[in-house]
Every structure is written in C-alpha cells, then in structure tokens.
Amino acid sequence: MRYHIVIDKDPGSDWWASVPSLPGCYSSGETVEELRENVKEAIKAYVASLMAEGLPAPPSDPDRIETVEVA
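Under numbering that gives the first Met the number 0, the residues of the sequence shown are numbered 0 to 70, in order.
This is the structure:
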C-alpha cells in the first residue's frame, strides 16, 4: 500500500506528519528518518484497525508531498 504524507516541523519541536487519506493518523519523530519509520507504523496500525472492523482502507490522495510504502 502507498499513502501520501505531509511532513512539517515547527521551530523548537519534533518533526511531525499527517496522512491526509487516513483522518486522525499522525506521527512524530526527532529526525525525518525517525518520523518516516514512525509514520509507517502508524499507517500499519490504522489500516489493521480498519481491517479488523471489516472496513476497507481508504485510497491514497495523489495531491500530497511525499509517498511512503507500507509493506
């Protein structure tokens, strides 16, 4: 699965990301590399939760900044 993420950083804080296709799916990290790993885990947990409830995973939003692949 592939989802687009939006990455941002406020001065004096960690990096953070949101996943527009997955409402409420956010993550953070001290570095961009850590953030990428953390957001992959957040996506996996979000999709697993949907599947456990018998719901389909939402499609990706093609108009965002960066794509991460979740195995």
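All C-beta atoms, glycine included, are put in the ideal place defined by N, C-alpha and C.
All values derive from a computational prediction rather than experimental measurement.
Near residue 37, what residues of its chain come up, given a Cβ to Cβ distance below 7 Å and the 5 sequence neighbours on each side ignored?
Residue mapping note: residue 37 aligns to position 38 of the sequence shown, counting from 1. Counting only Cβ-Cβ distances below 7 Å, and skipping sequence neighbours, we find 26, 27, 28.
Quick check on this structure: which residue in 31, 57, 40 has the alpha carbon closest to the alpha carbon of residue 7?
Here the question's residue 7 lines up with position 8 in the sequence shown. For the residues 31, 57, 40, the minimum Cα distance to residue 7 belongs to 31.
If you run the structure through DSSP and keep just helix, strand and coil, what is residue 46?
One-based indexing of the sequence shown puts residue 46 at position 47. The answer is helix: DSSP assigns residue 46 an H, G or I state.
Would you say the beta carbon of residue 30 comes nearer than 7 Å to a heavy atom of the ligand ADP?
Ligands are entirely absent from the displayed structure, and the ligand ADP is therefore not among its contents.
Buried or exposed for residue 12, please, with buried defined as at least 16 other CB atoms from any protein chain shown within 10 angstroms of its CB.
In the sequence shown, the residue the question calls residue 12 occupies position 13. By the Cβ-count criterion, residue 12 is exposed, with fewer than 16 other Cβ atoms from all chains shown falling within 10 Å of its own Cβ.
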